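A.B. asks: Under UniProt numbering, residues 1 to 273 are what the sequence shown spells out, in order. From the three backbone atoms N, C-alpha and C, an ideal C-beta is built for every residue, glycine too. The structure presented is a predicted model; accordingly, all values stated were derived computationally and were not measured.
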Amino acid sequence: MLEKVIEIWTSRLDYIRASRGSHMPEIILKICQVIDSQFGLAIPQNDHQARRRFVERAQTEIVVAPDFHKRILFSDEAHFWSNGYVNKQNCRIWSEANPEVYVETPLHPEKLFGALYGLVESFFKNDEGHNVTVNGDRYRAMITNFFISELNNHDVQELWFQQDGATRHTARATIDLLKDTFGDRLISRFVPVNWPPRSCDLTPLDYFLWSYVKSLVYADTPQTLDHLEDNIRRVIADIRPEMLEKVIENWTPRLDYIRANRGSPMPKIIFKM
1 MLEKVIEIWT SRLDYIRASR GSHMPEIILK ICQVIDSQFG LAIPQNDHQA
51 RRRFVERAQT EIVVAPDFHK RILFSDEAHF WSNGYVNKQN CRIWSEANPE
101 VYVETPLHPE KLFGALYGLV ESFFKNDEGH NVTVNGDRYR AMITNFFISE
151 LNNHDVQELW FQQDGATRHT ARATIDLLKD TFGDRLISRF VPVNWPPRSC
201 DLTPLDYFLW SYVKSLVYAD TPQTLDHLED NIRRVIADIR PEMLEKVIEN
251 WTPRLDYIRA NRGSPMPKII FKM
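#1: Buried or exposed, going by whether 16 or more other CB atoms sit within 10 Å of the CB of Ala78?
#2: Please classify Arg51 as buried or exposed, where buried requires at least 16 neighbouring CB atoms within 10 angstroms.
#3: Which residue or residues does DSSP assign as beta-bridge partners of His48?
#4: According to DSSP, simplified to helix, strand and coil, what is Pro156?
#5: What residues are listed by DSSP as bridge partners for Leu73?
#6: Identify every residue that forms a DSSP beta bridge with Leu216.
#7: Can you round the beta-carbon distance between Ile72 and Trp210 to whole angstroms, since I take them to be within the 8 Å contact cut?
#8: Report the residue from Asp220, Trp195, Asn194, Val247 whose alpha carbon sits nearest the alpha carbon of Arg234.
#9: Rounding to the nearest angstrom, what Cα-Cα distance links Glu158 and Glu61 in this structure?
#10: Would you call the segment 198 to 209 in contact with the segment 168 to 185, where contact means no fewer than 3 C-beta pairs closer than 8 Å?
#11: Going by DSSP, which residues form a beta bridge with Asn194?
#12: Straight-line CA distance for Gly21 to Leu13?
#13: How long is the line joining the alpha carbons of Val247 and Ala173, rounded to whole angstroms?
#14: Are there 16 or more other CB atoms within 10 angstroms of the CB of Gly263, so buried, or fewer, so exposed?
#15: So Phe54 packs on Asn194, CB below 8 Å; how close in whole Å?
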């Protein structure tokens, strides 16, 4: 545990340098239970079993290919609101009790819907350039027109692709499209390597990168969507490979913890950004 705490120190240096000497956000370390902020429910026991099955499969792959975790293209989408608002519908709060937090925000703040795939960013927009919410058709168009072309310089036969169980990800047309590129090297719902639900402690984008990126994106309080998009692109472009390596290396100890604790969630490091 002490070793992991010390490893965080270099990431702190990166943050302070990128923030031009600003203070780090407060970090709270706490062992806690996962609470779904929408319904106030703890993780179901079936989720624990699904998480254990996934961990066992991942560790089997690591025995065959020790760098398996470095071959996975982890993916996720997130809203970036113009006023820094966090959408509670897409937010999971880790706590020992059902949280009762009220934040006054504008009714309809403007937003960007962005995605990260192995640190290749994409924004969802319509033909007129207006920001839109992602659906199945737009997700598949992004994969075809943007994501696949970005893989041309890589040996795709060595890569795996991970996505969560959102409906837009798991429609038959989407899975078939991804299989054309990745074959059986898919981690998702409705495929042989099943991604366990409510497992934000297992995706580097959730357990580190979104918080890190948003803390820097909003540092200068962007006033327009163009400013916000420029900040997102700049922050992602400035992320150093050494930082990503440390984040990915943290993945395998997480597998060990979850297996030893029979699928229970990781102790949560909460970044107050």
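C.D. replies: The short version:
#1: buried
#2: Arg51 should be labelled buried.
#3: Answer is none; His48 lacks a bridge partner.
#4: According to the sequence displayed, residue 156 carries Val and not Pro. The three-state secondary structure of Val156, taken from DSSP, is helix.
#5: Phe161
#6: None, per the DSSP bridge assignment.
#7: Approximately 17 Å separates the beta-carbon atoms of Ile72 and Trp210; this is outside 8 Å, ruling out the contact.
#8: Asp220
#9: 12 Å
#10: no
#11: Looking at the DSSP output, Asn194 bridges to Ser188.
#12: 9 Å
#13: Computed Cα separation, rounded: 32 Å.
#14: buried
#15: 7 Å
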